[in-house]
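Chains A and B, in that order, are what the protein sequence lines are. Residues in the first sequence are numbered from 4 upward in steps of one, following this note's numbering. Residues in the second sequence are numbered from 71 upward in steps of one, following this note's numbering. Just so you know, even glycine gets a beta-carbon here, dropped at the ideal spot from N, CA and C.
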Amino acid sequence: MAVPAPPLKKPPKGRHLEAPWRARLRLLRRGLAGSWGMFWESRIGPLGLFIIAFYGLLALAHPILMATVWADERDVYDPKHGYDPQIIYGGFDGRLQSTVAPGSDDYYVDANGDGRPDYIYAGWDGVLQSKAVGDDKYRGGPAPPSLRHWLGTDPWGRDVFSQLAFSARAEFFLGVMAALITVVIGTLVAAISAYYGGFVDTFFMRLADVVLLFPVIAFLIVLGSMFQLNLYSLAVVLGVINGFGGITIVLKSQALSIKVRPFVEAAKVAGGSHMHIIVRHIIPNLLPLSFLYMMFNVTSAIFSEAVLSFFGILNIDMSWGIMVQMANIAGYLQGGAITKAWWIFFPASISITLLCAAFYFVGRGLDEIVNPRLRKV
Amino acid sequence: MWKFLIRRVLQIVLTLYLFATIVFFIVYLQPGDISQVYINNPKLPPEAREALKRQLGLDQPPHIQYLNFMRNLVTGNLGISFSEYPRPVWDIIKERLPRTVALFLIATLIYYALGFHLGKLIAWRRKGLLDYSATIVGVVLFTVYTPWFAYLIIWIFGYKLGWFPLGKFLDPVLWRRYDVPANEVFGLMLTVGGAAILFLLAVYVLGRKLHLPPLPRALMNFGALGLAGGSVAYLLWGPEFQPYGLLARDILWHMVLPVTTVTLIAFGGAMLLMRDSMLEVIKEDYVLAAKAKGLPDKVVRDKHAARNALLPMITSFVLALAFVVDGGIITETVFSWKGMGLTLLDAVTNEDLPLAVGTFVFTGIFALIAHLIADIAYAYLDPRIRYE
């Protein structure tokens, strides 16, 4: 005798049965709230988010500043071709009027034509250093931070803050783009090799071994010397290399544990195709871990770009790495010169460090959520 | 065990083959091969160009070129460098390898030891102040922009304080007085250091195998340490061994700053790895049991938990050793330490194809062999893998 089905519970009056999407949303919200709690608890995760938000705002600020505050002087504040004549010539109106002061090797410049010297070209120290009379501020060469140039200018009279903010966008683009490619490839490869096993599995795992042991920076240096690598192609190359690398091994072991779960069996019994099971059942369960590894890949992509730029191997016209490289070429990074014009490479170097660390922090914070082995007992 | 080993060796051979093929495809099979640089020289008559092309084997079809490439690799013929003509690439690698290995071997040993101890501590006191501060400092140093950081270190300790020499791995003024090749000294240093480490390891293993009580074993270990340290010091300062001792001390002196830099940059990774591994072990029942039977906290941490958390560290350590050859290209560049990394960078910027390919391939092969050693060590230490 069949057991009679329990009577359907009637929804309370005045309320309809909850729509499925609403139920999903509610569950999602509850899940997110729990995860957010754990993320917040990790402390370093939110710290990373805070730093990322800061640089995100900086990246957003550049076009806004270009359109508003710097709108009248776009030529001055352009990050790549900018040039501030006021800094180089100390407010000189175009005509070089210099007179040799009696008893001195210094050149005095009469800027406003009133017959009294206004600026003095104080010797030659590799870069032209001129300063206003009665003013200790050096003009020419890299100008120190001032109200006009918040982080000073580089040796060519370009605004450092503008370069910094402009490059932030590129760094975000590169990091996220490369990491996205990595994660998409890694997740697909992991799901497929875990699901099918056999030759496909062996091939991808051996390939991952090779990639893992690839001296990546050395490889990119070799590659960069043969092909012109710009921001886009670098993102693709980094993304593809890392995508077939270690990430597939980690994700595959996770996919293997998903493959034997009951719901996969159920989907098989219900007649789901291979494609359906991989796309609808395995990959969605891999995504949290993929997202976690994406953070670490953003770090490595930004770092690789900065290092390759430092060696002058990339075909990129402005980035944080390029800023440091140019400071190095101009000789401001070595020995005692390091304190002479700290503002041309300290902000960029610190930004690279902080942004890389920030994504790493977020990754570590997510690790506490995604990786149950690390949860506090 | 043997089955496992044979399978791994076969896999490594396959991987090596894959690696070499990828290198070939990247380097030799691109449009407008490298010979164009030399072939398009207008001063060369067409016959000479053809002869050059024939000499380089570039007139052959791709599959013959591929076979040639593989045959050369297998027979260890890496060609002749363009930029340091007519030195064979293998000769240059032999010259540069000991410098890189000496520097990064010492650095790797130090930063793993540091990472091991710190990771152990911060996992034991999870969510404490030390945990947060060490994690933040470790990660920031781990992701620090290396060139800038290295220049800062040079500036502070080399320039401002003047404690250590700036760049290069020896003092040319000192070395000019003695007619001793640097590589001979590097070779001696590596031999002595390796012998000392092997001796210490042998004493330690012997002590464990003999099942001595703790006190004699500690005495034995410390005695061996003293003996090894004493003999190394005697070799460095003893009058019979000059000028080698003096020159070795000079190299060690130049090594302090790069080693410090690499240690500071890299210890964070080892520390976090140890922390995660330790957190997993701490949850095991035997740790709880050890605590419950009233063992001191320190003993549970060091003897029960940390030793079992060591396995992932060993894999990672051997893989790090694999990258000893790759070196820090950055560290070598900033400290002008003419090792493998800097050689590769210079070869690439000078368009010295044979040297670049040779260095790169050698690095890859070395890394793969280290990977194999890691597997063997892992199988030896963890029976679960052996008897799979």
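Original post:
What first and last residue would you give for the alpha helix (DSSP H) that runs through residue 284 (chain B)?
Top reply: Translated into the one-based positions of the second sequence, residue 284 (chain B) becomes position 214. From DSSP, the alpha helix (DSSP H) with residue 284 (chain B) extends over 284-307.
Subject >> chain B contacts made by the segment 46-58 of chain A, where a contact means CB separation under 8 Å >> reply: 46, 47 and 50
**OP:** Count the other C-beta atoms from every protein chain shown that fall within 10 angstroms of the C-beta of residue 216 (chain A), then say buried if there are 16 or more, exposed otherwise.
**Re:** If you number the first sequence from 1, residue 216 (chain A) lands on position 213. Buried, since its Cβ has 16 or more Cβ neighbours within 10 Å.
**OP:** List the residues that DSSP assigns as beta-bridge partners of residue 158 (chain B).
**Re:** Numbered from 1 along the second sequence, position 88 holds the residue referred to as residue 158 (chain B). Answer is B:150.
Subject >> Residues that DSSP places opposite residue 162 (chain A) in a beta bridge >> reply: In the first sequence, counting from the first residue as 1, residue 162 (chain A) sits at position 159. In DSSP, residue 162 (chain A) forms a bridge with A:156.
**OP:** Name the residue from B:134, B:72 and B:346 whose alpha carbon lies nearest to the alpha carbon of residue 378 (chain B).
**Re:** Within the second sequence, numbered from 1, the residue matching residue 378 (chain B) stands at position 308. Residue 378 (chain B) has its Cα closest to that of B:346, out of B:134, B:72 and B:346.
Original post:
Span of the alpha helix (DSSP H) holding residue 407 (chain B)?
Top reply: The residue you call residue 407 (chain B) lines up with position 337 of the second sequence. No alpha helix (DSSP H) holds residue 407 (chain B); DSSP gives it neither H nor E.
Original post:
Using a beta-carbon distance below 8 Å, is residue 233 (chain B) in contact with chain A?
Top reply: Within the second sequence, the letter at position 163 stands for residue 233 (chain B). Judged by the 8 Å Cβ criterion, residue 233 (chain B) is not in contact with chain A.
**OP:** Measure the C-alpha to C-alpha separation of residue 233 (chain B) and residue 73 (chain A) and round it to an integer number of angstroms.
**Re:** On the second sequence, position 163 is the one that residue 233 (chain B) refers to. On the first sequence, position 70 is the one that residue 73 (chain A) refers to. Those two C-alpha atoms are separated by around 47 Å.
**OP:** Report the residues of the segment 153-166 of chain B with a CB closer than 9 Å to any CB of chain A, ordered along the chain.
**Re:** none
Subject >> Proximal residues to residue 270 (chain B) (C-beta, below 7 Å), its chain only, five neighbours per side dropped >> reply: Looking up residue 270 (chain B) in the second sequence gives position 200. Once the five neighbours on either side are set aside, the close Cβ partners of residue 270 (chain B) are 294, 295 and 298.
**OP:** Would you identify the three-state DSSP class for residue 352 (chain A), choosing helix, strand or coil?
**Re:** Numbered from its first residue, the first sequence carries residue 352 (chain A) at position 349. Helix at residue 352 (chain A).
Original post:
Would residue 168 (chain A) pass as a contact of residue 64 (chain A) if the rule is Cβ separation under 8 Å?
Top reply: Walking along the first sequence from the start, residue 168 (chain A) turns up at place 165. Walking along the first sequence from the start, residue 64 (chain A) turns up at place 61. Yes, these two residues count as a Cβ contact at 8 Å.
Original post:
Could you give the distance in angstroms between the alpha-carbon of residue 425 (chain A) and the alpha-carbon of residue 362 (chain B)?
Top reply: Not covered by the structure: residue 425 (chain A). The range shown for chain A is 4 to 380.
Original post:
Which word fits residue 363 (chain A), buried or exposed, when buried means at least 16 other C-beta atoms lie within 10 angstroms of its C-beta?
Top reply: Here residue 363 (chain A) is taken as the residue at index 360 of the first sequence, counted from 1. Per the 10 Å Cβ criterion, buried.
Original post:
Going straight from the alpha carbon of residue 257 (chain B) to that of residue 168 (chain B), what length do you get?
Top reply: Mapped onto the second sequence, residue 257 (chain B) falls at position 187. Mapped onto the second sequence, residue 168 (chain B) falls at position 98. Roughly 7 Å separates the two Cα atoms.
**OP:** Say whether chain A places a C-beta atom closer than 8 Å to the C-beta of residue 89 (chain B).
**Re:** Counting from 1 along the second sequence, the entry for residue 89 (chain B) is found at position 19. Closer than 8 Å to some Cβ of chain A, the Cβ of residue 89 (chain B) qualifies, so yes.
Original post:
Excluding sequence positions up to five away, which residues of its chain have a Cβ less than 7 Å from the Cβ of residue 273 (chain B)?
Top reply: For the purposes of this step, residue 273 (chain B) is taken as the residue at position 203 of the second sequence. Correct list, in chain order: 290, 291 and 294.
Original post:
Closer than 8 Å, CB to CB, is residue 218 (chain B) near chain A or not?
Top reply: For the purposes of this step, residue 218 (chain B) is taken as the residue at position 148 of the second sequence. Yes - at least one Cβ of chain A is within 8 Å of the one on residue 218 (chain B).
Original post:
Where does the unbroken alpha helix (DSSP H) through residue 277 (chain B) begin, and where does it stop?
Top reply: Counting from one through the second sequence, the residue named residue 277 (chain B) turns up at place 207. Here the alpha helix (DSSP H) through residue 277 (chain B) covers 252-279.
Original post:
Is it right to say residue 230 (chain A) is buried, meaning 16 or more other beta carbons lie within 10 angstroms of its own, or is it exposed?
Top reply: What you label residue 230 (chain A) is simply residue 227 of the first sequence in a count that begins at 1. Under this definition residue 230 (chain A) is an exposed residue.
Subject >> Amino acids of chain A, ordered along the chain, whose beta-carbon sits closer than 9 Å to that of residue 393 (chain B) >> reply: Taking the second sequence and counting its residues from 1, the one referred to as residue 393 (chain B) is at position 323. By Cβ distance, chain A contributes 216 and 218.
Subject >> Minimum Cβ-Cβ distance from residue 309 (chain A) to chain B less than 8 Å >> reply: Within the first sequence, residue 309 (chain A) is the residue found at index 306, counting from 1. So, interface residue.
Subject >> Segments assigned alpha helix (DSSP H), at least 4 residues, entirely inside the segment 332-403 of chain B >> reply: 355-362 and 380-392
**OP:** Alpha carbon to alpha carbon, how far is residue 356 (chain A) from residue 191 (chain B)? Give it in angstroms, no decimals.
**Re:** As a first step, residue 191 (chain B) is located in the second sequence; it is residue number 121 there, counting from the start. As a first step, residue 356 (chain A) is located in the first sequence; it is residue number 353 there, counting from the start. Computed Cα separation, rounded: 26 Å.
**OP:** Could you tell me how far apart the beta carbons of residue 225 (chain A) and residue 89 (chain B) are, in whole angstroms, since I believe they sit closer than 8 Å?
**Re:** Along the first sequence, read from residue 1 onward, the residue named residue 225 (chain A) stands at position 222. Along the second sequence, read from residue 1 onward, the residue named residue 89 (chain B) stands at position 19. Rounded, the Cβ-Cβ distance is 13 Å, inconsistent with contact.
Original post:
Would the beta-carbon of residue 221 (chain B) fall within 8 Å of that of residue 337 (chain A)?
Top reply: Position 151 of the second sequence, counted from the first residue, corresponds to residue 221 (chain B). Position 334 of the first sequence, counted from the first residue, corresponds to residue 337 (chain A). In contact: residue 221 (chain B) and residue 337 (chain A) (Cβ atoms closer than 8 Å).
Original post:
So which residues on chain B does residue 29 (chain A) lean against when the C-beta distance must stay under 7 Å?
Top reply: The sequence position of residue 29 (chain A) within the first sequence is 26, counting from 1. Chain B residues near residue 29 (chain A): none, gap ~31 Å exceeds 7 Å.
Original post:
Buried or exposed: which applies to residue 71 (chain A), given that a residue is buried once 16 or more other Cβ atoms fall within 10 Å of its Cβ?
Top reply: Against the first sequence, residue 71 (chain A) aligns to sequence position 68. Looking at its Cβ environment, which holds fewer than 16 other Cβ atoms inside 10 Å, residue 71 (chain A) is exposed.
Subject >> First through last residue of the alpha helix (DSSP H) which encompasses residue 335 (chain A) >> reply: The residue labelled residue 335 (chain A) in the question sits at position 332 within the first sequence. No alpha helix (DSSP H) holds residue 335 (chain A); DSSP gives it neither H nor E.
Subject >> Cutoff 8 Å: residue 415 (chain B) Cβ touching any chain A Cβ >> reply: Taking the second sequence and counting its residues from 1, one reaches residue 415 (chain B) at position 345. Residue 415 (chain B) counts as touching chain A.
**OP:** Please classify residue 422 (chain B): is it buried, with 16 or more other beta-carbons within 10 angstroms of its beta-carbon, or exposed?
**Re:** The residue labelled residue 422 (chain B) in the question sits at position 352 within the second sequence. With 16 or more Cβ atoms within 10 Å of its Cβ, residue 422 (chain B) is classed as buried.
Subject >> Span separating the alpha-carbon of residue 267 (chain A) from that of residue 193 (chain A) >> reply: As a first step, residue 267 (chain A) is located in the first sequence; it is residue number 264 there, counting from the start. As a first step, residue 193 (chain A) is located in the first sequence; it is residue number 190 there, counting from the start. The alpha-carbon atoms of residue 267 (chain A) and residue 193 (chain A) are separated by roughly 16 Å.
**OP:** Would you verify that the beta carbon of residue 200 (chain B) is, or is not, closer than 8 Å to some beta carbon of chain A?
**Re:** As a working note, residue 200 (chain B) is residue 130 in the second sequence. No, residue 200 (chain B) lies away from the interface with chain A (no Cβ there is under 8 Å from its Cβ).
Subject >> Per-residue DSSP class, three states only, for residue 308 (chain A) >> reply: By one-based count along the first sequence, residue 308 (chain A) stands at place 305. The answer is helix: DSSP assigns residue 308 (chain A) an H, G or I state.
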